[in-house]
Amino acid sequence: MTDTQPKGPYRLVTVNTAPERAKRLIGRMVEALKDRYTIIHVDNCETIEEVEPKVTEHQPDVLFCASMWTAEQSTAIFETARKLRPDIKTHAIPHGLQVERGPDAIVEYLVENVPKLLDAEHNNNNMLLRPTRLQAVAGLYTAHSKRFFSSSTPLKVELAYQLIEPSTQDKKRNGQPIVFMHGFMGNKLNNRSISKALARDLNRDIYIVDLRNHGDSPHTPEHTYTHLAEDVSDFIKQHHLGKTALIGHSMGAKAAMVLALQSPETVTALIPVDNAPVSAMLGSPFNDYVKGMKEISEAHVTKQSEADKILAKYEPSLAIRQFLLTNLIRDPENDNKTLKFRVPLDTLGSNLGEMADFPWKFDRENAANNTDLPTYTGPTLIVRGLQSKYVSEKRLPAVKHFFPNAEIAGIDAGHWVISEKPEEFRQAVIKFFRENDIE
1 MTDTQPKGPY RLVTVNTAPE RAKRLIGRMV EALKDRYTII HVDNCETIEE VEPKVTEHQP
61 DVLFCASMWT AEQSTAIFET ARKLRPDIKT HAIPHGLQVE RGPDAIVEYL VENVPKLLDA
121 EHNNNNMLLR PTRLQAVAGL YTAHSKRFFS SSTPLKVELA YQLIEPSTQD KKRNGQPIVF
181 MHGFMGNKLN NRSISKALAR DLNRDIYIVD LRNHGDSPHT PEHTYTHLAE DVSDFIKQHH
241 LGKTALIGHS MGAKAAMVLA LQSPETVTAL IPVDNAPVSA MLGSPFNDYV KGMKEISEAH
301 VTKQSEADKI LAKYEPSLAI RQFLLTNLIR DPENDNKTLK FRVPLDTLGS NLGEMADFPW
361 KFDRENAANN TDLPTYTGPT LIVRGLQSKY VSEKRLPAVK HFFPNAEIAG IDAGHWVISE
421 KPEEFRQAVI KFFRENDIE
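So the sequence shown is numbered by the numbering used here: it starts at 1 and just counts up by one.
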């Protein structure tokens, strides 16, 4: 081999819950290093359970663990790989790198550090790559086979989003931006039409986001309201939005409430839609949704009509079925012949209990137990569907405790208030902003 010939080939397997993102970023790294190394990205594991069969099948030379995995999970992944292939070189991408500096930082990091990994004669646990500034700040370091950091480090993701701007040519805005959060099994596009109308009427920028494990945002094993709120808080900081108004429906409503209660100084106004700050069972529909969607996945359907026929056994409403099926996409790993869900059904299904929960417990029977609960005293509009059970009369005391300045707007609709009655919702939001002179 001459000095001009690239080393390799090296077979690479990645462990990343967002396979398309992994393929995209690794592809950029491979292209950047092609004159020095021949690296073939043979496969990706979306779950820890996939590591053993895929390492057995491909016998990779290298395994990369994405930054969303905890220290314990990374260690388990690496140990599994090394039992099957003792000489495999393993590496964990630093936790939080993409959140702090964006996806380009991942590529830059790999281009800088992968040569050190590939040129090492063996997978020596004591051979450390030079820590990055982010690693030093976080108090962690990366080895060829392990990643060490506090397991309590929050697992954060970079949220996908779309910016909706007022149609006017005037660059001056009437106030701070709005961040709009969708509900369970939804995505940012659910709120695009109403956001365009509100951006026009209020002359404000509106950021519609995909919450973790939804839409185009990364998949993670953790899915709690604390994580969702922290993700949005990081998003606000990353985009230098300052104080923002928050609108959220259902799951997004609770995430918005948690953020306002945790960091009231960052929220200029709050609009939770058809959810209350209480722990309450979600009921069978959500379990049925997940069950039906899993059956669709196992059937390897090729048409949306086939998926709808299966889902109809679990949900009679065509509108709700159509909403859930917006998560169906063509499966590139099967030459786009079959459909698959872009949301991690196992993760969301196992976290339904978290979605029913709320971090703080309001005691209706004994007010003395509520004295230490946080409050958000800023302008708040609770929009509830009058045909829905989520913001019932018995839950209003909890609403008033956590949000003492809350106004209640009832709309003659079910849980899907915004899609059922978009004009009534728009009018309620406009009235709230104008009467409260929201910044």
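Yeah, the Cβ is synthetic: ideal placement off N, Cα and C, and Gly gets one too. Quick caveat, the model's predicted, so the values are computed rather than measured.
CB contact flag (residue i, residue j, <8 Å)
| i | j | result |
| --- | --- | --- |
| residue 14 | residue 78 | no |
| residue 362 | residue 278 | yes |
| residue 213 | residue 224 | no |
| residue 235 | residue 208 | no |
| residue 430 | residue 406 | no |
| residue 269 | residue 395 | no |
| residue 166 | residue 113 | no |
| residue 60 | residue 11 | yes |
| residue 9 | residue 48 | no |
| residue 376 | residue 403 | yes |
| residue 197 | residue 426 | yes |
| residue 379 | residue 336 | no |
| residue 315 | residue 292 | yes |
| residue 374 | residue 360 | yes |
| residue 311 | residue 325 | yes |
| residue 163 | residue 231 | no |
Best match in the options for proximity to residue i [C-alpha to C-alpha]
| i | options | result |
| --- | --- | --- |
| residue 341 | 7, 424, 297, 245 | 297 |
| residue 18 | 82, 115, 409, 160 | 160 |
| residue 45 | 57, 38, 191 | 57 |
| residue 250 | 438, 9, 417 | 417 |
| residue 413 | 387, 404, 436, 437 | 387 |
| residue 91 | 163, 62, 261, 260 | 62 |
| residue 248 | 260, 393, 320 | 260 |
| residue 330 | 304, 26, 351 | 304 |
| residue 4 | 37, 199, 25 | 37 |
| residue 28 | 108, 232, 320 | 108 |
| residue 365 | 397, 271, 350 | 397 |
| residue 317 | 337, 7, 302, 289 | 289 |
| residue 93 | 105, 84, 82 | 105 |
| residue 168 | 162, 193, 201 | 201 |
| residue 401 | 368, 322, 171, 344 | 368 |
| residue 191 | 349, 428, 422, 434 | 422 |
| residue 257 | 286, 239, 281, 227 | 227 |
| residue 23 | 42, 239, 34 | 42 |
| residue 353 | 286, 273, 409 | 286 |
| residue 199 | 217, 216, 173 | 173 |
| residue 195 | 419, 33, 438 | 419 |
| residue 281 | 355, 313, 222, 321 | 355 |
DSSP-derived helix/strand/coil call for residue i
| i | result |
| --- | --- |
| residue 413 | coil |
| residue 426 | helix |
| residue 93 | coil |
| residue 339 | strand |
| residue 393 | helix |
| residue 164 | strand |
| residue 316 | coil |
| residue 177 | coil |
| residue 9 | strand |
| residue 439 | coil |
| residue 326 | helix |
| residue 272 | strand |
| residue 142 | Residue placement at residue 142 cannot be trusted, given a pLDDT of 31 that sits under 50; what the coordinates show is reported in the next sentence. Three-state DSSP puts residue 142 in a strand. |
| residue 302 | coil |
| residue 80 | helix |
| residue 290 | helix |
| residue 420 | helix |
| residue 256 | helix |
| residue 432 | helix |
| residue 278 | coil |
| residue 106 | helix |
| residue 15 | strand |
| residue 64 | strand |
| residue 310 | helix |
| residue 407 | strand |
| residue 157 | coil |
**Prompt:** In chain order, which continuous runs of the beta strand (DSSP E) of length 3 or greater are located wholly inside the stretch 189-248?
**Reply:** 206-209
**Continuous beta strand (DSSP E) assignments of at least 3 residues falling wholly in the stretch 23-55** = 37-45
**Prompt:** Which ranges would you report for the alpha helix (DSSP H) in the stretch 333-385 if only whole runs of at least 4 residues count?
**Reply:** 345-350, 352-356
**Prompt:** At a cut of 8 Å, does the stretch 240-248 reach the stretch 256-273 through at least three beta carbon pairs?
**Reply:** yes
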